[in-house]
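Heads up: the sequence shown is residues 122 to 582, going by the working numbering.
For glycine and all other residues, C-beta sits at the position ideal for the given N, C-alpha and C.
One structure below.
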Amino acid sequence: MEARKFRKVMAANRGEIAIRIFRACTELGISTVAIYSEEDKLSLHRYKADEAYQVGKGKAPIDAYLGIDEIIALAKKRDVDAIHPGYGFLAENAEFAEKCEQNGIAFIGPTAEMQRALGDKVAARKVAKAAGVATVPGTEEPIVHEEDALIFAKNHGYPIIIKAAAGGGGRGMRVATNQKELLEGLQSASSEAKAAFGDPSVFLERYLKNPKHIEVQVLGDGYGSLVHFYERDCSIQRRHQKVVEFAPSLALPGDTRLALCTDALKIAKQVGYRNAGTVEFLLDEEGRYYFIEMNPRIQVEHTVTEMITGRNLVQAQILIAEGKRLSDPEINIPNQGSIEMRGFAIQCRITTEDPTNNFAPDFGTLTTYRSSAGCGVRLDAGNAFTGAQITPHYDSLLVKVSSWGLTFTEAAHIMDRSLQEFRVRGVKTNIGFLENVITHPVFLAGECNTSFIDQHPELLV
Ligand code: ADP
Numbered sequence: 122m123e124a125r126k127f128r129k130v131m132a133a134n135r136g137e138i139a140i141r142i143f144r145a146c147t148e149l150g151i152s153t154v155a156i157y158s159e160e161d162k163l164s165l166h167r168y169k170a171d172e173a174y175q176v177g178k179g180k181a182p183i184d185a186y187l188g189i190d191e192i193i194a195l196a197k198k199r200d201v202d203a204i205h206p207g208y209g210f211l212a213e214n215a216e217f218a219e220k221c222e223q224n225g226i227a228f229i230g231p232t233a234e235m236q237r238a239l240g241d242k243v244a245a246r247k248v249a250k251a252a253g254v255a256t257v258p259g260t261e262e263p264i265v266h267e268e269d270a271l272i273f274a275k276n277h278g279y280p281i282i283i284k285a286a287a288g289g290g291g292r293g294m295r296v297a298t299n300q301k302e303l304l305e306g307l308q309s310a311s312s313e314a315k316a317a318f319g320d321p322s323v324f325l326e327r328y329l330k331n332p333k334h335i336e337v338q339v340l341g342d343g344y345g346s347l348v349h350f351y352e353r354d355c356s357i358q359r360r361h362q363k364v365v366e367f368a369p370s371l372a373l374p375g376d377t378r379l380a381l382c383t384d385a386l387k388i389a390k391q392v393g394y395r396n397a398g399t400v401e402f403l404l405d406e407e408g409r410y411y412f413i414e415m416n417p418r419i420q421v422e423h424t425v426t427e428m429i430t431g432r433n434l435v436q437a438q439i440l441i442a443e444g445k446r447l448s449d450p451e452i453n454i455p456n457q458g459s460i461e462m463r464g465f466a467i468q469c470r471i472t473t474e475d476p477t478n479n480f481a482p483d484f485g486t487l488t489t490y491r492s493s494a495g496c497g498v499r500l501d502a503g504n505a506f507t508g509a510q511i512t513p514h515y516d517s518l519l520v521k522v523s524s525w526g527l528t529f530t531e532a533a534h535i536m537d538r539s540l541q542e543f544r545v546r547g548v549k550t551n552i553g554f555l556e557n558v559i560t561h562p563v564f565l566a567g568e569c570n571t572s573f574i575d576q577h578p579e580l581l582v
């Protein structure tokens, strides 16, 4: 790959991640292009870029950000050198990555081929096996006949988790504790997967009891250099979706951390991984870990990794797409040892959801928006300002608050103080709920597992 310097980068996304990308570009001296839908014509990300263009006229709000041909045609017309897809929308769409490259626009992410090797969970499990990394016991192939599911149940027992091969965001998953639930779950997970991802394939895994979700951030330059940035603990989840994340984990003895991070690199190496990616594992109550999937994109919770390592992952993504090597001075990661970890970081996702009404999304005008600031706080906000319109069209993430402290307790106290400082009026938020989580003794001990929220209904009041 020939190294070049980008002059103009487009974010094919909206909200906080589009703004995050623009900031990284501006710091690198690259000019920025936003796209926005009709519904987003007053959204902040539009105004945070040097240029902004409306896309998807007459299309549904989500579809506006999914128009591959329109977005690429616009990028060409406006002399865009590269497109960053953020997360969600087109971030894991191999066709988009391929078409960008075919049109002479760099795709800031892995190649289409790598996306295909990892995007399907069944395929990714095979990659892990080939790399010699343990996966959760499960079926090798998607379930075609009910009998295959029943045989798996006979051999492994219940509970079983039914998962969409193409799944993401916690969708297309069902837990079955008996045969009836298994057979019904196969049907419903498969239809949900078809509707959400256009692919009805589902497979089975043993459902681990109270695991922790631990994931490793990796970065590769496509020339053979691959490093990890240690792990994040994303066990605090609701409906299999992350709510609070922190780094590093408090549950890993040093030798397990080393083994886990090394295994993450083995999986990335197996596909010659380029750019930023995340290798996800579940850690069981006995301290054993198993690979579940690899996400070939930047993730919402990358902020905590940036805070404990002092590295700018989005800038590194852009520089890698320019053809730079990890060892080049701009990226400055000559080897694994040059990534240092210091202190603890916690991220809370503030959403416009009502915890007292089953987290129903709330809409309207933000009549007051005052955010926190001060020592140890980082904010990554989307459309958050007094007067902003919160619409029902997109996900409900309002602002990501991250805190950093030398100790986990210090980071938690800063987060608590930071959440208390927020004043958001006009639209309901989950701030009170987040405060209940991060002041809970189980959280402060770093011991939450993926069942924590379900097992503590008192957090909701
Ligand atoms: P998605 O791609 O939809 O995010 P993942 O495979 O990453 O799905 O799983 C999301 C979450 O679902 C995990 O963090 C965990 O809480 C739960 N989960 C997934 N697989 C299992 C399993 N085999 N046993 C127990 N929980 C699981």
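| Query | Result |
| --- | --- |
| Proximity test, Cβ basis, 7 Å: residue 428 and chain C | Among the protein chains of the structure shown there is no chain C, as only one such chain exists. |
| Proximity of residue 424 and residue 362 at Cβ, strictly below 7 Å | no |
| Residue range of the beta strand (DSSP E) that includes residue 396 | 395-404 |
| Segments of 3+ residues assigned as beta strand (DSSP E) that fall wholly inside the region 444-507 | 465-472, 489-491, 498-502 |
| C-alpha distance - residue 456 paired with residue 280, whole-angstrom precision | 43 Å |
| heavy atom of the ligand ADP below 6 Å from residue 358 C-beta | yes |
| Neighbourhood of residue 382 by C-beta distance below 6 Å, restricted to the same chain and skipping five residues each side | 337, 349 |
| 6 Å CB neighbourhood of residue 582 in its chain, flanking five on each side removed | none |
| Own chain residues within Cβ distance below 8 Å of residue 313, not counting five before or after | 285, 292, 293 |
| heavy atom of the ligand ADP below 6 Å from residue 326 C-beta | yes |
| For residue 551, the three-state DSSP class (helix, strand or coil) | coil |
| Those residues which DSSP pairs with residue 412 across a bridge | 256, 402 |
| Residue 382, enclosing alpha helix (DSSP H) - first and last residue | 375-391 |
| Residues that residue 351 bridges to, as DSSP identifies them | According to DSSP, residue 351 bridges with nothing at all. |
| Which listed residue (143, 355, 218) has its alpha carbon closest to that of residue 573 | 355 |
| Same chain, Cβ closer than 7 Å to residue 254, neighbours up to 5 away in sequence not counted | 384, 387, 388, 412 |
| Beta-carbon proximity check, residue 523 vs residue 535, cutoff 7 Å | no |
| Nearest residue (CA-CA) to residue 396, options 237, 298, 435, 579 | 435 |
| Residue 237: first and last residue of the uninterrupted alpha helix (DSSP H) it sits in | 233-240 |
| Closest residue to residue 156 among 182, 148, 150 (Cα-Cα distance) | 182 |
| Run of the beta strand (DSSP E) containing residue 153, from where it starts to where it stops | 152-157 |
| DSSP three-state assignment for residue 511, whether helix, strand or coil | strand |
| Inter-stretch contact (C-beta, 8 Å, three-pair minimum) for the region 393-408 and the region 189-204 | no |
| Any non-hydrogen atom of the ligand ADP within 6 Å of residue 256 CB | no |
| Span of the beta strand (DSSP E), counted from its first residue to its last, around residue 341 | 333-342 |
| Contact belief for residue 476 with residue 547 at Cβ below 8 Å, rounded distance in angstroms | Contact doesn't hold; Cβ gap of about 17 Å is too wide. |
| Residues that residue 526 bridges to, as DSSP identifies them | 465 |
| Selection from 358, 235, 317, 163 that minimises the alpha carbon distance to residue 575 | 358 |
| Spatial neighbours of residue 160 in its chain, beta-carbon cut-off 7 Å, leaving aside the 5 residues before and after | 182, 512, 514 |
| Contact test: residue 307 Cβ vs the ligand PLP heavy atom, cutoff 6 Å | In the structure shown, the ligand PLP is absent; the only ligands present are the ligand ADP. |
| For residue 295, the first and last residue of its enclosing alpha helix (DSSP H) | Where residue 295 is concerned, there is no enclosing alpha helix (DSSP H), although the beta strand (DSSP E) it sits in stretches over 294-297. |
| Residues near residue 252 by beta carbon distance below 8 Å, same chain, minus five either side | 384, 387, 388, 390, 391 |
| Residue 334 beta carbon near the ligand ADP (any heavy atom closer than 6 Å) | yes |
| Nearest neighbour of residue 377, chosen from 353, 365, 409, 368 [CA to CA] | 409 |
| At least 3 beta-carbon pairs within less than 8 Å: the region 417-432 vs the region 458-473 | yes |
| For residue 169, the three-state DSSP class (helix, strand or coil) | coil |
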